[in-house]
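Numbering-wise, this note's numbering comes out as the position in the sequence shown, counting from 1, plus 28. Glycine included, each C-beta is placed from N, C-alpha and C at the ideal position. Quick caveat: nothing in here was measured; it's all calculated off a predicted structure. A short write-up of the structure that comes next.
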Amino acid sequence: MSATAGEVRVAFMPSGKRGSFAAGTSVLDAARALAVDLDSICGGRGICGRCQIVVSEGSHTKLGITSRAGHLIPLTAPEELYRSRRGLAPDRRLGCHARMVGDLVIDVPPESQLHRQVIRKDAEEREIELDPVVRLHHVQVEQPALASPTSDLARLLDALGREWGLTGLACDLHVLRDLQGALREGDWMVTVAVHDGTTITAVWPGFRDLALGIAFDVGSTTVAGHLCDLVTGEVLASAGAMNPQIRFGEDLMSRVAYVMMHRGSEAQLTRVVRECLSALTRELAETAGFEPADVLEITIVGNPIMHHLVLGLDPTELGGAPFALATNASLRLRAAELDLPVHAGARVYVLPCIAGHVGADTAGVILSEAPQASDAVSLLVDVGTNAEIVLGNRDRLLAASSPTGPAFEGAQISCGQRAAPGAIERVRIDPETLEPRFRVIETRAWSNEPGFEGTQVSGVCGSGIIEVVAEMVAAGICSREGVIDGSLAARSARIEPEGRTFSYVLAEGPPRLAITQNDVRQVQLAKAALAAGCRLLMDHLGVDHVDRIRLAGAFGAHIDPAHAMALGMIPRADLASVGSVGNAAGTGARIALLSRAARAEVEEVVRRVEKIETAIEPRFQEHFVAAIGIPSSAGGDSATPRRRRRERRMA
Ligand code: FES
């Protein structure tokens, strides 16, 4: 890089882009010429403050540049004004007004980068760049004149082309309704929202830098929403609510059955879930101190049945083979079509479904966990009424759904309940005395510790069920075939006869909580279905081990991987490679909200996912039968947690 007379040299960091410009060029203009990622909403008017830069002082020998703050013109009046109104750190300048008069190395801080990293998953080294689908542009529009009779819209489009290089834009009808008033109220200065570089979806008088979005994860039990600032990527508020469809059926299939038995009732289910989304929208906006009308963009993930019901599509076809989706493509809609109380120009992006049993929630998990970005073979498991399973790496990805039933959600278990305060989630059983101790959700103390007194215990949630059965096997209460040993009744009053079988009393109560022989059977059936689904995908991929296992969803967040492996629910793997990823589907929705590139990525990845239908695979049945025992021959770890601890102690 060399400069001729009257030119200055500049290098931008961290991109390293550099060039020579005529002395007096603004930093923003130089950045634009070099395609440096330096943000701007106000178009260089010194209003938005997005273009802030820092001069990197000193001698940069590699670049051959000696950079000084004095190589910019002194602080300008608009910068002084911005500093007094909104604050500007002493080392910061506004790139749009700082003109270069000498050689410079310019640091662009992360908050001034339009495409800054917004979601980092530390353990996975997953970085997501902000690449907003909605952008705000502040423009000055020419006033109408008799001599040149053009429309307000024509002059707005002209200004957007001139100042921002935006051409061929379409315009929503409601924008036209607002445009005349906005132009005159703003004294011919307006801010517009441009969606996906193609359509003007909102207009406001004067300057505005507020654009919000909401990422929704519609689960069959809970609905969660995250309100995000589309300009900065920041999460401003999060909220959740029970899915009100629960009154039509506890689990997915009972809701489909309700629709089948009550013609036209899908409209009712659609209405209540949309009301829930609307209520969450209002709650999120109020929590963050904004209005629902400030929301310009929404993304939605959900399992196939939730996906159909939110969209107002009949889910009946998903209730039986061949589980035909109305559509598996991603959808771009107007928020008004879903009755959401947001800005009239707000758009909705619905992530694609993968198959009739593997929905947009799994697409969200893929976007969040990115198995396609790695050579390592990943197994992603999202357990609900069905387990949605994804296996593979950058070469191939397979997906299947396994009919685990609702046992892991605490249903079909005599003392089972949903994961909620009062539910037992952790269990340990002393192998000598057969006495249990346990912990309930939202209480730190174990049941045998001070501080537990007075804790309300109401039932056992999915993770608690898994732990208690694994601990019963480890303590010898239950055989590997899953039979509760009645002979132990002589040793412990906790083993009780119940008809021709036996139960294990976990808590004296009230309420009295006992694990029955049938409960153990339900857990065995559920875990065998999950194990068989995993094994089937491993067969198809031709692998006998996986490099990493990620357990998603509320269930995955509570489950202890050691116990899950001890039961044979998931394939044998190094425990360190097994992790919970929380609400990965919701994270995927958030990534899609903030990144246009991520939407293209998930659409491309989902297109090449190979769907494996467990219902028609004979090997699924074989694996299922083989996986009934504990630990299973379907790949379960032969060492229970307790035995491993004992072995470690002996070693
Ligand atoms: S571009 Fe808006 S203040 Fe510089």
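If we count the other Cβ atoms within 10 Å of its Cβ and call it buried at 16 or more, is Leu201 buried or exposed?
Position 173 of the sequence shown, counting from 1, holds the residue named residue 201. Exposed, since its Cβ has fewer than 16 Cβ neighbours within 10 Å.
Since I believe Arg519 is in contact with Leu462 (beta carbons under 8 Å), could you give me their beta-carbon distance rounded to a whole number of angstroms?
What you label residue 462 is simply residue 434 of the sequence shown in a count that begins at 1. What you label residue 519 is simply residue 491 of the sequence shown in a count that begins at 1. Yes, Leu462 and Arg519 are in contact; Cβ-Cβ is about 7 Å, under 8 Å.
At a cut-off of 7 Å, would you count Leu56 as near the ligand FES, judging by its Cβ distance to the nearest heavy atom?
Residue mapping note: residue 56 aligns to position 28 of the sequence shown, counting from 1. Because some heavy atom of the ligand FES lies under 7 Å away, the Cβ of Leu56 counts as near it: yes.
Considering only heavy atoms of the ligand FES, list every residue whose Cβ is less than 7 Å from one of them, following chain order.
With the criterion CB distance below 7 Å from any heavy atom of the ligand FES, the matching residues run Leu56, Ser68, Ile69, Cys70, Gly71, Gly72, Arg73, Gly74, Ile75, Cys76, Gly77, Arg78, Cys79, Tyr110, Leu122, Gly123, Cys124 and His125 along the chain.
I'd like the span of the beta strand (DSSP E) that includes Asp245, first residue to last.
Here residue 245 is taken as the residue at index 217 of the sequence shown, counted from 1. Start and end: Leu240 to Val246.
What residues in its chain sit with their C-beta under 7 Å from that of Ser68, if we drop five residues either side in the sequence?
For this step, residue 68 is matched to residue 40 along the sequence shown. If we look at Ser68 and ignore the five residues flanking it on each side, its Cβ neighbours are Leu56, Cys76, Arg78, Cys79 and Cys124.
Is the stretch 226 to 233 touching the stretch 255 to 269, taking contact as three or more C-beta pairs under 8 Å?
Cβ pair count under 8 Å is below three, so no.
Taking only runs that begin and end inside the stretch 451 to 503, name each unbroken beta strand (DSSP E) of 3 or more residues, in chain order.
451 to 457 and 464 to 468
Quick one: which unbroken beta strand (DSSP E) runs of 3-plus residues sit fully inside the stretch 40 to 105? Chain order, please.
46 to 50, 80 to 83, 86 to 88 and 93 to 95
Helix, strand or coil for Cys381? Go by DSSP, reduced to three states.
Position 353 of the sequence shown, counting from 1, holds the residue named residue 381. Residue state, collapsed to three classes: coil.
When you compare the CB positions of Ile326 and Val376, do they come within less than 8 Å of one another, or not?
Here residue 326 refers to the residue found at position 298 of the sequence shown. Here residue 376 refers to the residue found at position 348 of the sequence shown. Yes, these two residues count as a Cβ contact at 8 Å.
With distances taken from CA atoms, which of Gly384, Ala117 and His591 is nearest Val497?
The residue labelled residue 497 in the question sits at position 469 within the sequence shown. Across the set Gly384, Ala117 and His591, the C-alpha of His591 shows the shortest separation from the C-alpha of Val497.
Select from Ser486, Gly487 and Arg467 the residue whose C-alpha is nearest the C-alpha of Pro478.
Your numbering for residue 478 matches position 450 in the sequence shown. Of the candidates Ser486, Gly487 and Arg467, the one whose C-alpha sits nearest the C-alpha of Pro478 is Arg467.
Report the CB separation of Thr53 from Arg127 in whole angstroms; it is logged as a contact under 8 Å.
Position 25 of the sequence shown, counted from the first residue, corresponds to residue 53. Position 99 of the sequence shown, counted from the first residue, corresponds to residue 127. Confirmed, Cβ separation roughly 7 Å.
In the DSSP assignment, the beta strand (DSSP E) including Trp232 goes from what residue to what residue?
Walking along the sequence shown from the start, residue 232 turns up at place 204. Where Trp232 is concerned, the enclosing beta strand (DSSP E) stretches over Thr227 to Pro233.
For Ile417, name the three-state secondary structure that DSSP assigns.
Within the sequence shown, the letter at position 389 stands for residue 417. It is a strand residue.
Would you call Gln649 buried or exposed, if buried means 16 or more other Cβ atoms sit within 10 Å of its Cβ?
Numbered from its first residue, the sequence shown carries residue 649 at position 621. Counting Cβ neighbours within 10 Å, Gln649 comes out exposed, since fewer than 16 surround it.
By a C-beta neighbour count over all protein chains shown, 10 Å radius and 16 as the cutoff for buried, is Pro538 buried or exposed?
Along the sequence shown, one-based indexing puts residue 538 at 510. Flag for Pro538 reads exposed.
Please determine, among Ile382, Ile274, Glu155 and Glu460, the residue with the shortest C-alpha to C-alpha distance to Ser623.
The residue given as residue 623 occupies position 595 in the sequence shown. It is Glu155 whose Cα lies nearest to the Cα of Ser623.
Going by DSSP, what residues sit across from Thr529 in a beta bridge?
Along the sequence shown, one-based indexing puts residue 529 at 501. DSSP lists Glu526 as partners of Thr529.
Alpha carbon to alpha carbon, how far is Val28 from His254?
Since the first residue shown for the chain is 29 and the last is 679, residue 28 is missing from the structure and cannot be characterised.
Would you report the Cα separation of Gln445 and Ala625, rounded to the nearest angstrom?
Locating residue 445 in the sequence shown gives position 417, counting from the first residue. Locating residue 625 in the sequence shown gives position 597, counting from the first residue. Going by the C-alpha atoms only, they are around 40 Å apart.
Contact between the stretch 541 to 548 and the stretch 499 to 518 is defined here as three or more beta-carbon pairs at a separation below 8 Å; is this criterion met?
yes
Could you check the C-alpha separation between Gly47 and Val146 for me, to the nearest Å?
The residue given as residue 47 occupies position 19 in the sequence shown. The residue given as residue 146 occupies position 118 in the sequence shown. Taken atom to atom, the span from the alpha-carbon of Gly47 to that of Val146 is near 28 Å.
Taking a contact to mean a Cβ-Cβ separation below 8 Å, would you say Ser429 touches Ala415 in this structure?
Position 401 of the sequence shown, counted from the start, is the residue given in the question as residue 429. Position 387 of the sequence shown, counted from the start, is the residue given in the question as residue 415. Contact flag set, yes.
Which same chain residues end up closer than 8 Å to Glu645 when comparing Cβ atoms and leaving out the 5 residues on each side of it in sequence?
Along the sequence shown, read from residue 1 onward, the residue named residue 645 stands at position 617. For Glu645, where only same-chain residues beyond five positions count, the Cβ hits under 8 Å are Leu564.
How about Ile658 and Gln552: are their beta carbons less than 8 Å apart?
In the sequence shown, counting from the first residue as 1, residue 658 sits at position 630. In the sequence shown, counting from the first residue as 1, residue 552 sits at position 524. Taking 8 Å as the Cβ cut-off, Ile658 and Gln552 qualify as a contacting pair.
With respect to the alpha helix (DSSP H) encompassing Glu325, which residues constitute its N-terminal and C-terminal limits?
Looking up residue 325 in the sequence shown gives position 297. Careful: Glu325 lies outside any alpha helix (DSSP H), inside the beta strand (DSSP E) at Val323 to Gly330.
Measuring only the C-alpha atoms, how far is Leu579 from Ile598?
What you label residue 579 is simply residue 551 of the sequence shown in a count that begins at 1. What you label residue 598 is simply residue 570 of the sequence shown in a count that begins at 1. Going by the C-alpha atoms only, they are around 10 Å apart.
May I ask you to report which of helix, strand or coil DSSP gives Thr298?
As a first step, residue 298 is located in the sequence shown; it is residue number 270 there, counting from the start. The answer is helix: DSSP assigns Thr298 an H, G or I state.
State the DSSP-derived secondary structure class of Gly268, mapped to helix, strand or coil.
Here residue 268 refers to the residue found at position 240 when the sequence shown is read from its first residue. The answer is strand: DSSP assigns Gly268 an E or B state.
On the criterion of 16 or more Cβ atoms from any shown chain inside 10 Å, does Leu534 qualify as buried, or is it exposed?
As a first step, residue 534 is located in the sequence shown; it is residue number 506 there, counting from the start. Leu534 is buried by the Cβ-count criterion.
Starting from the C-beta of Ala117, find all residues in its chain whose C-beta is less than 7 Å away, skip the five residues before and the five after it, and write them out in chain order.
Position 89 of the sequence shown, counted from the start, is the residue given in the question as residue 117. Correct list: empty, nothing qualifies.
Please classify Ser179 as buried or exposed, where buried requires at least 16 neighbouring CB atoms within 10 angstroms.
Position 151 of the sequence shown, counted from the first residue, corresponds to residue 179. Flag for Ser179 reads exposed.
Would the stretch 310 to 323 count as touching the stretch 367 to 383 if we require 3 or more Cβ pairs under 8 Å?
yes
Report the residue ranges of all beta strand (DSSP E) runs contained in full by the stretch 102 to 151; include only those spanning at least 3 residues, in chain order.
120 to 122, 132 to 135 and 145 to 149
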